[in-house]
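Step one of this worksheet: look at the structure below.
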Amino acid sequence: MLLSAAGCADDGMPDAGPVATPLSVRLHAVTPDGADAADPGSAIRTVTGYRFEEGVLREVIPGVSSGSGDLYTFSSATPRGELRLAVNAAGVGSFGTLVPEATSLETFLRLDATPDELTHDGFVMTGTLLLDGAGLSTAPRSVNLRRSVARIDLLSRDAEVEVHSVTIRRIADRGYVAENGAPATPSSASRTDFRRDYGDAPLVMSRETLLCLCEQPNDGMEVEVVTRFDGGWHRLKNTLPAQLLRNTVYTLEVRGRGADAGVTVTAGSWEEGSTAESAPILRGVVDAGASELPDGVRLNAACDTVYIPHVAGALRLVLRAEAGSEVIVDGEVRGVRVTPERVTRGLETVAAVSVTTPLRMPGTKDEYIGLTLARDGVMSGRVTLVFAANPVRIEGLLQLDETGACDFGRYIEGELARISAPEGVELRLEFASGEPRWMALVPDGDAFRLLGGWKPNDPQADGRVQEGFLVIADAGGSAVERYAVRRRNWGLPVVNIGGTWWCKYNLRGDVSRYEDQVLIADDPAGDADLADYLIAADDADLLALLGDQYQAGNPQGLPLRHDGSAFYHEGMASSGQNFGVLDPTAMAPCGYQVPDYDDYAFFTRSENYNLGGVGERTFRNATGEELTIRIQERETEFFGHAYGTIAVYEFRSGNSVWVLAGLGHQWTPAAGNIARMSLLLATYGNASKTWMMEGYANADRPGQNWFKFVANNSTKTRVLRCVKTPVEYIYGE
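Note that this note's numbering has the sequence shown beginning at 1, numbered continuously upward.
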């Protein structure tokens, strides 16, 4: 009926086009024998479908969770061909190369990745669904998913055998993501060795996962285990199977019984539960009924592994073991206290431990403490405590100390951290009353960027401490974590002219020290009054405001001095580095940088332009913007000796005013070799040329003050006038 109605529609109606067909798919992570996998690493976090038809990628379809476990929906207007599924593959960079209508199925099947990429966000798993005819049924389809990696475990059952190290040689460091027949290794892969050394804590009567690796054929892979038993050291060797298959666990079992001593390799199904659990070969277990386990603490099925959440808390574990056993605590985790107790509840329940845990902050990893049960010096059982990492991940410059604070101890801005949080966790910033919001949280995909901001001409930018709090809360607000972030608030007086934030004064002293500079609170004149202030200031004040001279690579200013016969800049060397190629932030306080060509080009019409002499006039710069230049002169005397005429240049653009003045430059270290009215301006971006103000006293060459971009060697000193480094977050404007 719907088709008939469409055929009788008005011919003038537009074609609605194909309608996307939703396809329900139930996803199952499975073991090699097809049983459902239940380990946490096999949880489905993300799933993407790649629809291929006639050997070509037609569309990329994100899977949408139904909210009911393993059921996902994929929508396609043309559900034909086959749907290749990739689960938890956000960390696999090669998927970013896929292009619909261009990428072939053959290319898809040859996408490769490292083991780290394949385990970045849980295990990468793949599966395939044939779509032809799929749209004719509303019933969910099922797809089995298989992990793209294999796993190698180490197992030691014998209480008399100590495993001190294990080495696996010639492991391929890359493998194919999707399953495609017999195992193969990409040509881009190289071979590497894996080694684990147990040091002073050898592995005894325990099982642990060594590594995950890509599916691969055996190209000379062998295992070597160094053990100690029967009073001596033994080196046990074996080879791995001819093929290491994806989705399979290979167990290296160590034995130490005379002629039977050796290491065997067996393949099996992926075990349920975390592979960091204690092996069920030990007799020590937790008596769940007698223990005090708060919310969030859980036991594995064998009751020999305790999973403890990242929040602060306390618990008490009662352990079952042979009568007369004692508890030995192996390992430590910062802030965690594990206290063994003796109990008298009969022969079966013989020991207990109390455990107190602090809040585990973002940035921590899963950590472990072992509880070894021993009687008469012989191990009889072992329980593993697994302390979960904080689920909030912080990457970047922000590092929390043991008090839960990050004090940068200096001025810092820009991206401080990238923060990822699971669903249901809220991130926010809090500031004390009167404290400006100097940080911001900016969404970026599934994460947030924590930005440090800048406030122009902040009178409080005098080195005082700024503090804010990163707050992490659950959806109900019952669990709240607060972490202090601190920095020093520094800043220089600036003017926004031509779209660039220019510093008002030349640098002086150590270029990295705000304390050496003219600070905002110490600025003696407003923007529009600065030129007149410099003309009228006494010589001592003027000299302090004109700053020092600099040579690239030397962060220390070269102050003006007089040796009784001539002026010179103290500390000048016979050579210097090149401002044109040096990192522009290397010779400036944090948050500022050496200007480049375009920054200075705003103030002139060309690379060789005469601004004229004393007086005021208007001109247009190279981009056509109108500027007004006012040039004044004054005589100066420093240290009781006449220095001569200097000029003060005032540029106006709209309501913005920027003033330039300086002590000229010195061209060699010899005293007296100073060109007092030729300002060489430190400029980034050109290895041979620099901007300069070639000035002349009106009494000598009237009407001539040239703004030039010309070649100058790197020995000559420069005036350092900085611009603000671009910053994303500006607050308080």
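Built from N, CA and C at the ideal position, the CB exists for glycine as well.
>> Can you tell me whether Ala588 is helix, strand or coil according to DSSP?
In response: Of the three classes helix, strand and coil, the one that applies to Ala588 here is coil, per DSSP.
>> Cutting at 8 Å between CB atoms, please list the residues of its own chain near Asn496, excluding the five before and the five after it.
In response: A distance below 8 Å between beta-carbons, with the five flanking residues on each side excluded, links Asn496 to the following residues of its chain, in chain order: Pro456, Trp502, Ser656.
>> So for Glu117, helix, strand or coil by DSSP?
In response: Three-state result, Glu117: helix.
>> In the DSSP output, which residue or residues are listed as bridge partners for Met125?
In response: Beta-bridge pairing links Met125 to Val87, Arg147.
> Should the stretch 624-638 be regarded as contacting the stretch 511-530, the criterion being three or more beta carbon pairs within less than 8 Å?
Replying inline: Here the stretch 624-638 makes no contact with the stretch 511-530; the two share fewer than three CB pairs at distances below 8 Å.
> Can the beta-carbon of Phe579 be found closer than 8 Å to that of Arg718?
Replying inline: Cβ distance < 8 Å, so Phe579 and Arg718 count as in contact.
> Which residue comes first and which comes last in the alpha helix (DSSP H) that contains Phe108?
Replying inline: Start and end: 105-109.
>> Between the alpha carbons of Val223 and Val383, how many angstroms are there, rounded?
In response: Those two C-alpha atoms are separated by around 28 Å.
> How long is the line joining the alpha carbons of Gly370 and Asp330, rounded to whole angstroms?
Replying inline: Distance from the CA atom of Gly370 to the CA atom of Asp330, rounded to whole angstroms, is 5 Å.
> Helix, strand or coil for Gly175 per DSSP?
Replying inline: DSSP places Gly175 in strand when its eight states are reduced to three.
> Within the present structure, is the beta-carbon of Lys708 separated from the nearest heavy atom of the ligand HEM by less than 7 Å?
Replying inline: In the structure on display, the ligand HEM does not appear, and there are no ligands present to speak of.
> For Asn705, which three-state DSSP category applies?
Replying inline: In the structure shown, Asn705 adopts extended strand secondary structure according to DSSP, grouped into three states.
> Could you give the distance in angstroms between the alpha-carbon of Gly576 and the alpha-carbon of Gly199?
Replying inline: Computed Cα separation, rounded: 51 Å.
> Span of the alpha helix (DSSP H) holding Ile535?
Replying inline: Run containing Ile535: 530-536, per the alpha helix (DSSP H) assignment.
> When DSSP builds the beta bridges, which residues end up paired with Gln549?
Replying inline: In DSSP, Gln549 forms a bridge with Leu558, Val719.
>> Taking its Cβ as the centre, do 16 or more other Cβ atoms sit within 10 Å of Leu347, making it buried, or is it exposed?
In response: The predicted position of Leu347 is uncertain, since its pLDDT is 42 and thus under 50; no value can be drawn from it.
> Which whole-angstrom value describes the C-beta separation of Met587 and Pro555, a residue pair presumed to lie in contact below a C-beta threshold of 8 Å?
Replying inline: Contact between Met587 and Pro555 holds: their C-beta atoms lie close to 7 Å from each other, under 8 Å.
> Per DSSP, what kind of secondary structure is Ser42 in: helix, strand or coil?
Replying inline: Residue state, collapsed to three classes: helix.
> Roughly how many angstroms lie between the CA atoms of Gly732 and Trp454, to the nearest whole one?
Replying inline: One C-alpha to the other measures close to 9 Å.
> Using a Cβ-Cβ cut-off of 8 Å (strictly less than) and excluding sequence neighbours within five positions of Ala642, which residues of its own chain qualify?
Replying inline: Here the set comprises Glu635, Thr636.
>> Rounding to the nearest angstrom, what Cα-Cα distance links Ala484 and Val353 in this structure?
In response: Answer to the nearest angstrom: the Cα atoms are 33 Å apart.
> Can you give the beta carbon distance from Val614 to Leu530, rounded, assuming they're within the 8 Å contact cut?
Replying inline: Contact check for Val614 and Leu530: beta-carbon distance about 17 Å, past the 8 Å limit, so the pair fails to qualify.
> By Cβ distance below 8 Å, which residues in the same chain neighbour Ser565 in space, the five residues on each side in sequence not counted?
Replying inline: Excluding sequence neighbours, Ser565 sits near Ala671, Gly672.
> Based on the DSSP output, what are the partners of Leu371 in its beta bridges?
Replying inline: Per DSSP, Val329, Val383.
>> Looking only at its chain, what residues have a beta carbon closer than 7 Å to the beta carbon of Thr192, apart from the 5 residues adjacent to it on each side?
In response: Leaving aside the five residues that flank Thr192 on each side, the residues in its chain whose CB is nearer than 7 Å to its CB run, in chain order, Ile171, Asp173.
> What three-state label does DSSP hand Asp598 in the structure shown?
Replying inline: It is helical.
>> Looking at the secondary structure, which residues open and close the beta strand (DSSP E) in which Asp193 lies?
In response: Asp193 -> beta strand (DSSP E) spans 191-197.
> Just how far apart, CA to CA, sit Tyr307 and Cys722?
Replying inline: Cα to Cα, Tyr307 sits roughly 55 Å from Cys722.
> Hey, Gly122 and Asn144: beta-carbon distance below 8 Å or not?
Replying inline: Not closer than 8 Å, so no.
>> Using 8 Å as the cut-off, can you tell me whether the stretch 72-90 makes contact with the stretch 41-48, which would need three or more C-beta pairs spanning the two stretches below that distance?
In response: Taking a cut-off of 8 Å for Cβ pairs, the stretch 72-90 and the stretch 41-48 touch, as three or more such pairs fall below it.
>> Tell me which residue opens and which closes the beta strand (DSSP E) that Ile394 is part of.
In response: Going by DSSP, Ile394 is part of the beta strand (DSSP E) stretching over 393-396.
>> On the DSSP bridge list, what partners appear for Gly644?
In response: Paired residue(s): Thr636.
> Mind checking Ala134: buried by the 16 CB within 10 Å criterion, or exposed?
Replying inline: Legend: pLDDT at Ala134 = 48, less than 50; position of this residue unreliable, no value from coordinates given.
> My guess is that Val177 and Val124 are in contact by the Cβ rule of under 8 Å, so how many angstroms apart are they, rounded?
Replying inline: Val177 to Val124, Cβ: 6 Å. Contact.
>> Considering just the uninterrupted stretch of the beta strand (DSSP E) at Asn610, what are its terminal residues?
In response: Unbroken beta strand (DSSP E) run through Asn610: 608-610.
> Do you know offhand how far Ile281's Cα is from Asp304's?
Replying inline: For Ile281, the pLDDT reaches just 37, beneath the cut-off of 50, and the residue's location in the model is therefore unreliable, although a value from the coordinates is still provided. Taking the straight line joining both Cα atoms gives about 10 Å.
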